[in-house]
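Only one structure is covered here, and it is reproduced in the block below.
2 protein chains.
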Amino acid sequence: MTKYAKIILELINQSDRHMTAEQLFFELKKTEPKVVLATVYNNLNTLCQEGLIRRLSMEGSADRFDKLKKHDHLVCKKCGAVSDQSFEDLTKDLEKQLGEAIVSYDLKVYYLCPECREER
Amino acid sequence: MTKYAKIILELINQSDRHMTAEQLFFELKKTEPKVVLATVYNNLNTLCQEGLIRRLSMEGSADRFDKLKKHDHLVCKKCGAVSDQSFEDLTKDLEKQLGEAIVSYDLKVYYLCPECREER
DNA sequence: ATTATAATTAGAATAATTCTAAAAACAGAG
DNA sequence: CTCTGTTTTTAGAATTATTCTAATTATAAT
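Chains A and B supply the protein sequences, listed in that same order.
To convert, note that position 3 of the first sequence is 31 in this note's numbering; the numbers rise steadily by one, no gaps.
To convert, note that position 49 of the second sequence is 77 in this note's numbering; the numbers rise steadily by one, no gaps.
Next comes the structure, spelled out in structure tokens:
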């Protein structure tokens with residue numbers, strides 16, 4: 029594992045924001061000012077391929093990257109904010125039903141986050 | 029509802045392919061040779077806003093558009109092929125648990141489609 | 001130290017999508 | 001009908017996210 033890959037992986041694992049490549053790039057720059065956006069993209073791609081992080085493709089905005097630990101996502105339909113949520117009881121069943129053939133799954137639940145709900 | 033919006037909506041509702049804007053554009057062109065890609069994008073956006081179709085954002089490829097009828101998706105992790113699937117028993121529970129606050133949800137199950145599995 | 005291999009950089013290239021301004025189509029009032 | 005205002009469509013430039021290519025730098029192995 030390369031230098032930058034290691035730091036990027038830590039950034040993702042330590043934060044519970046769901047950062048885009050660009051946001052990770054800015055974080056990374058704080059300690060590694062020489063790094064370049066393409067490097068972040070490259071490393072994110074290899075980390076995904078190696079199955080060390082998870083890519084979340086979002087409607088209407090750039091992909092976000094997340095730790096592996098299994099969980100689902102609540103996504104605000106209005107502002108796009110993402111938060112973690114576990115629908116364990118349900119997804120346990122899901123996994124059982126799906127069986128071996130399944131590689132993974134992605135459950136996104138869309139709602140209006142508290143802030144956006146007030147604005148209405 | 030405008031002329032092209034109507035045809036696009038029909039194309040989506042009549043097919044069970046999960047077409048990208050570009051694929052829809054080529055379909056549309058068969059009967060409406062003058063239409064332009066931007067028009068397809070515009071109409072897809074308004075159809076989505078009006079809640080008449082559903083946008084599926086896919087990992088690593090362009091958004092696909094789908095009819096409203098509630099169902100889930102099986103996505104081949106390798107070639108990206110999308111097919112419909114209903115995990116009704118599970119998602120009924122999901123909806124019950126989620127309750128009022130929820131706008132919608134999106135469940136994608138990743139697997140290896142029969143073709144890709146053979147290739148291995 | 002020398003060479004081979006892999007990682008990073010810089011920046012051009014690409015793909016998907018949006019934006020802008022002009023042209024065309026349509027709809028209603030006279 | 002014909003004029004006028006509004007909406008839709010068009011053409012193409014612009015933008016955003018991402019990938020690619022080639023050169024450079026760093027790392028590891030001999």
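Each residue gets a CB set at the ideal place from its N, CA and C atoms; glycine is no exception.
Problem set entry | Delimiting residues of the beta strand (DSSP E) encompassing A:A129 | First-last for A:A129: undefined, no H or E at that position.
Problem set entry | 6 Å CB neighbourhood of B:C107 in its chain, flanking five on each side removed | C144
For this session: Kindly identify the DSSP beta-bridge partner or partners of A:H101.
Result: A:D112, A:K136
For this session: Kindly list, in the order they appear in chain B, the residues whose Cβ is closer than 9 Å to that of A:K105.
Result: V131, S132
Exercise. So, B:V68 versus B:L52, is the Cβ gap smaller than 7 Å?
Worked result: yes
Exercise. In chain order, what residues of the region 68-99 of chain A put their CB closer than 7 Å to some CB of chain B?
Worked result: R83, S85, M86, E87
Problem set entry | Per-residue DSSP class, three states only, for A:R45 | coil
Exercise. Taking Cβ-Cβ distances shorter than 7 Å, what residues in chain B pair up with A:D121?
Worked result: L118
For this session: Please check the pair B:L118 and A:D100, which I expect to be a contact at CB under 8 Å, by giving their CB distance rounded to whole angstroms.
Result: With 8 Å as the limit, B:L118 and A:D100 do not qualify as a contact, their Cβ atoms being about 13 Å apart.
Exercise. Given that A:Y139 touches chain B, what residues does it touch there, using C-beta distances under 7 Å?
Worked result: A129, I130, V131
Exercise. Counting Cβ pairs closer than 8 Å, one from the region 124-134 of chain A and one from the region 34-49 of chain B, do we hit at least three?
Worked result: no
For this session: At 7 Å on the CB atoms, spell out the chain B contacts of A:L52, in chain order.
Result: Simply none; closest approach about 18 Å.
Exercise. In the structure shown, what three-state DSSP assignment does A:A90 receive?
Worked result: coil
For this session: Please list the residues of the region 33-59 of chain A that have a C-beta atom closer than 9 Å to any C-beta atom in chain B, keeping them in chain order.
Result: none
For this session: Grab the span of the alpha helix (DSSP H) containing A:L75 for me, first residue to last.
Result: 65-77
For this session: With distances taken Cα to Cα, identify the nearest neighbour of B:K105 among A:E87, A:F115, A:R83, A:D112.
Result: A:R83
Exercise. Can you list, in chain order, the residues of its chain whose CB lies under 6 Å from that of A:I81, leaving out five sequence neighbours each side?
Worked result: I40, L75, F93
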